[in-house]
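Those letters in the sequence shown? Residues 130 to 472, per the numbering used here, in order.
Comments concern the structure below.
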Amino acid sequence: MKKNYLVALLSLLLMFGIIGSSFAAGFNDNNEKLNESSENEDSELYPAPLPDNAKGAMIPMDKGYLVEEIGDGIYAVMDGIFSTMFMTTGKGVIAVDAPTTLGDKYLAAIKEVTDEPIKYVIYSHAHQDHIGAASMFPDDVKIIAHEETANILEERQDPNRPIPTQTFKGDKKVLSIGDKKLQLDYIGDNHQEGNIFISVPDQKVLMAVDIVFPGWVPFRYLALSDNIPGWIDAHYKILEYDFDTLVSGHVTRLGTREDVETQIEYIEDIIETTKLAMQEVSQFEIGQRVGFENPWYVMDVYYNEVIKVANDDLLPRWIDRLGGADIYTSQHISKVLDMLRLE
């Protein structure tokens, strides 16, 4: 009896030992898979290392902005995501735009370098992210914009974006205060109708917003531009100016002619690579594979495959040249694909 009891107990211990070992082994295998999965997910959450070309000056954390003199009485203001500029004239300040992320910090930046009152505000275009803090300026300030921008703001009726008090038609206006001059040019519909270039020719300073992103690929879907062919053409129009410093409205640093040329190269590469991908991927063959009863599914698979083929080709050429290539290139391909199919 005692012998049978011991045999049964030993059998139970062995059984639980085996089960325990198997459970532990399975648990460890599952843990490894979970850890591997977590590592893969984490790798997708973190962007690729930034190329040196994308890195700008550090923004003082205590102020939240950086002021940089870029010409005689001309100052750029940056917060790491947005940038703009203002000019002192001896008879008042001319401020360009009013980014929402800067807000009152823009006023502090101006006070940091001058006691002159703000006399004029120039809107580059109507988008809220660039002029959404304009209501902070004095009530008697004169706001200048192209008539297309004024028309948009008349429709919006946004109290944070006061309607311009002065507008201009056509392609050019010169604003003079004292011995300082700003030239406002409308090159036609590009990022948004009414989006103008602001330049100080004798200082070789140009501000063109939401076209070029120095050191970076453009923001999502080609900068969310209304007119893609016009937006692309604007790059070449920028190079017609004689400038050394470009204030682009975004990212971590100011731009140069080389930055414009690099972005043109990037956009042209996307266009040509997407064309090749469109030749490689067949809508008909996709339909044969997945069926033709759901045309939107066929087109969705087609878009995804074209984007993947083009993106796989493009990324190795740009991941070390422009910041954010891993984040937004596929979206730019999608937008170019739309343009190539429809324009």
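C-beta atoms are modelled at their ideal positions from N, C-alpha and C, and glycine is treated no differently.
None of these values were measured; they are calculated from a predicted model.
message: With H, G and I counted as helix, E and B as strand and the rest as coil, what does DSSP make of residue 443?
response: Here residue 443 corresponds to residue number 314 of the sequence shown, with the count starting at 1. If DSSP states are grouped into helix, strand and coil, residue 443 belongs with the helices.
task: With distances taken Cα to Cα, identify the nearest neighbour of residue 332 among 370, 295, 361.
output: Translated into positions along the sequence shown, residue 332 becomes position 203. When only C-alpha atoms are compared, the closest one is 370.
message: Going by DSSP in three states, residue 184 sits in which element: helix, strand or coil?
response: Here the question's residue 184 lines up with position 55 in the sequence shown. Correct three-state label for residue 184: coil.
- request: Please report how far the alpha carbon of residue 415 lies from the alpha carbon of residue 463, in whole angstroms.
  value: Your numbering for residue 415 matches position 286 in the sequence shown. Your numbering for residue 463 matches position 334 in the sequence shown. So the alpha carbons of these two residues sit roughly 18 angstroms apart.
- prompt: Shortest alpha-carbon distance to residue 212 belongs to which of 194, 344, 303, 256?
  reply: The count along the sequence shown starts at 1 and reaches residue 212 at position 83. That would be 194, whose Cα lies nearest to the Cα of residue 212.
query: By how many angstroms is the C-alpha of residue 275 removed from the C-alpha of residue 469?
result: Position 340 of the sequence shown holds residue 469. Position 146 of the sequence shown holds residue 275. The alpha-carbon separation between residue 469 and residue 275 amounts to approximately 30 angstroms.
Which listed residue (205, 179, 266, 360) has its alpha carbon closest to that of residue 291: Residue numbering aside, residue 291 sits at position 162 when the sequence shown is read from its first letter. The shortest C-alpha separation from residue 291 is found at 266.
task: Please report the residue range of the alpha helix (DSSP H) in which residue 404 lies.
output: By one-based count along the sequence shown, residue 404 stands at place 275. Segment 386-409, the alpha helix (DSSP H) holding residue 404.
message: Could you compute how far the alpha carbon of residue 177 sits from the alpha carbon of residue 454?
response: Translated into the one-based positions of the sequence shown, residue 177 becomes position 48. Translated into the one-based positions of the sequence shown, residue 454 becomes position 325. If I take the Cα positions, the gap works out to 9 angstroms.
query: What is the C-beta distance between residue 346 and residue 400, in whole angstroms, given that I count them as a contact (C-beta under 8 angstroms)?
result: The residue you call residue 346 lines up with position 217 of the sequence shown. The residue you call residue 400 lines up with position 271 of the sequence shown. About 14 angstroms; that fails the 8 angstroms criterion.
message: Less than 7 angstroms between C-beta atoms, sequence neighbours within five positions excluded: which residues of the same chain meet that for residue 259?
response: On the sequence shown, residue 259 is found 130 positions in, with the first residue counted as 1. Excluding residues within five positions, the ones whose Cβ falls inside 7 angstroms are 226, 228, 253, 338, 378.
task: Measure from the alpha carbon of residue 220 to the alpha carbon of each residue in 471, 444, 308, then state which is nearest.
output: The residue given as residue 220 occupies position 91 in the sequence shown. Ranking 471, 444, 308 by Cα distance to residue 220 puts 308 first.
task: Grab me the residues of residue 403's own chain with a C-beta within less than 6 angstroms of its C-beta, minus the 5 sequence neighbours each way, in chain order.
output: Taking the first residue of the sequence shown as position 1, residue 403 is located at position 274. Close CB contacts of residue 403 within its chain, under the 6 angstroms cut and outside five residues either way in sequence, are with 439, 462, 465, 466 (chain order).
- prompt: What do you reckon, are the CB atoms on residue 217 and residue 202 nearer than 7 angstroms?
  reply: Sequence index remark: in the sequence shown, residue 217 carries index 88 (1-based). Sequence index remark: in the sequence shown, residue 202 carries index 73 (1-based). Contact: yes.
message: Spatial neighbours of residue 364 within its chain, please: C-beta separation below 8 angstroms, excluding the five flanking residues on both sides.
response: The sequence position of residue 364 within the sequence shown is 235, counting from 1. Contacts found: 340, 341, 389, 392, 393, 396.
query: Going straight from the alpha carbon of residue 289 to that of residue 270, what length do you get?
result: By one-based count along the sequence shown, residue 289 stands at place 160. By one-based count along the sequence shown, residue 270 stands at place 141. Rounded to the nearest whole angstrom, the C-alpha separation of residue 289 and residue 270 is 14 angstroms.
Nearest-angstrom Cβ-Cβ length linking residue 344 and residue 386, presumed shorter than 8 angstroms: For this step, residue 344 is matched to residue 215 along the sequence shown. For this step, residue 386 is matched to residue 257 along the sequence shown. That pair is no contact at about 14 angstroms.
Separation of residue 248 from residue 164, as counted between CA atoms: Sequence index remark: in the sequence shown, residue 164 carries index 35 (1-based). Sequence index remark: in the sequence shown, residue 248 carries index 119 (1-based). The predicted model places residue 164 with a pLDDT of 44, which falls under 50 and marks its position as unreliable, so this point remains unresolved.
Secondary structure, alpha helix (DSSP H): runs of 4+ residues fully inside the stretch 194-248: Counting only runs of 4 or more, we get 233-242.
query: For residue 191, does the three-state DSSP call read helix, strand or coil?
result: Here residue 191 is taken as the residue at index 62 of the sequence shown, counted from 1. Here residue 191 sits in coil by DSSP.
message: Less than 7 angstroms between the beta carbons of residue 196 and residue 241, yes or no?
response: Taking the sequence shown and counting its residues from 1, the one referred to as residue 196 is at position 67. Taking the sequence shown and counting its residues from 1, the one referred to as residue 241 is at position 112. The answer is yes: Cβ separation under 7 angstroms.
message: So if DSSP puts residue 306 in a beta bridge, which residue, or which two residues, is it bridged to?
response: Here the question's residue 306 lines up with position 177 in the sequence shown. BP columns for residue 306 point to 309.
message: Taking only three categories from DSSP, how would you classify residue 292?
response: Translated into positions along the sequence shown, residue 292 becomes position 163. Residue state, collapsed to three classes: coil.
- request: Evaluate the contact criterion for the stretch 317-332 versus the stretch 353-361: three or more CB pairs, one atom per stretch, below 8 angstroms.
  value: Three or more beta-carbon pairs drawn from the stretch 317-332 and the stretch 353-361 are found closer than 8 angstroms, and the two stretches are therefore classed as touching.
task: Count the other CB atoms, across all protein chains shown, that sit within 10 Å of the CB of residue 457; report buried if there are 16 or more and exposed otherwise.
output: Numbered from its first residue, the sequence shown carries residue 457 at position 328. Classification of residue 457: buried, given that the 10 Å Cβ count is 16 or more.
Straight-line gap, residue 398 to residue 447 (C-alpha atoms, nearest Å): Here the question's residue 398 lines up with position 269 in the sequence shown. Here the question's residue 447 lines up with position 318 in the sequence shown. Approximately 10 angstroms between the Cα atoms of the pair.
message: Taking only three categories from DSSP, how would you classify residue 436?
response: On the sequence shown, position 307 is the one that residue 436 refers to. If DSSP states are grouped into helix, strand and coil, residue 436 belongs with the helices.
query: Which residues does DSSP pair with residue 271 in a beta bridge?
result: Working through the sequence shown from its first residue, we reach residue 271 at position 142. Answer by DSSP bridge pairing, in chain order: 249.
- request: Closer than 6 angstroms by C-beta to residue 278: which residues in its own chain qualify, once you throw out the five before and the five after it? Chain order, please.
  value: Within the sequence shown, residue 278 is the residue found at index 149, counting from 1. For residue 278, where only same-chain residues beyond five positions count, the Cβ hits under 6 angstroms are 252, 254, 255, 323.
task: Return the bridge partner residues of residue 297 from the DSSP annotation.
output: Walking along the sequence shown from the start, residue 297 turns up at place 168. Paired residue(s): 275.
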